[in-house]
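In my numbering, the protein residues as written are 22 to 136.
Taking it in order: structure first as structure tokens, then the write-up.
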């Protein structure tokens, strides 16, 4: 069993013990991912690069928890939809390698269709 499968099993157990599957349809899971991502973003809002660097040191536990919340919802959503998250990520990395070849993209933030 992969680490992703092990973590997903723990997430599902937690959810099912609370009878929450009834609330975890794809739309609500996607909304929850965005809400948690917004909470993560809030930690960085209006801060300069220097302020962010200091803030991270002082608030790493809170930032870690927001990242974990996003991952928990994401792992569950993938499982609910029958998507193998590891295979999906590996497949997406291959697509990105094709879109962003090193010789064109290295050191650039340009979108693939503008390289």
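In this text, a Cβ means the ideal position worked out from N, Cα and C, and glycines have one as well.
The Cβ atoms of residue 107 and residue 25 sit closer than 8 Å to each other. Scanning 134, 105 and 29 for the CA closest to the CA of residue 119 turns up 134. For residue 96 and residue 35, the gap between their C-alpha atoms comes out near 13 Å. Separation of residue 70 and residue 99 (C-alpha to C-alpha, rounded to the nearest whole angstrom) is 33 Å. With respect to residue 56, residue 88 sits apart: the two C-beta atoms are not nearer than 8 Å. Residue 127 and residue 80 have their C-alpha atoms spaced approximately 32 Å apart.
For residue 86, the enclosing alpha helix (DSSP H) begins and ends at 70-101.
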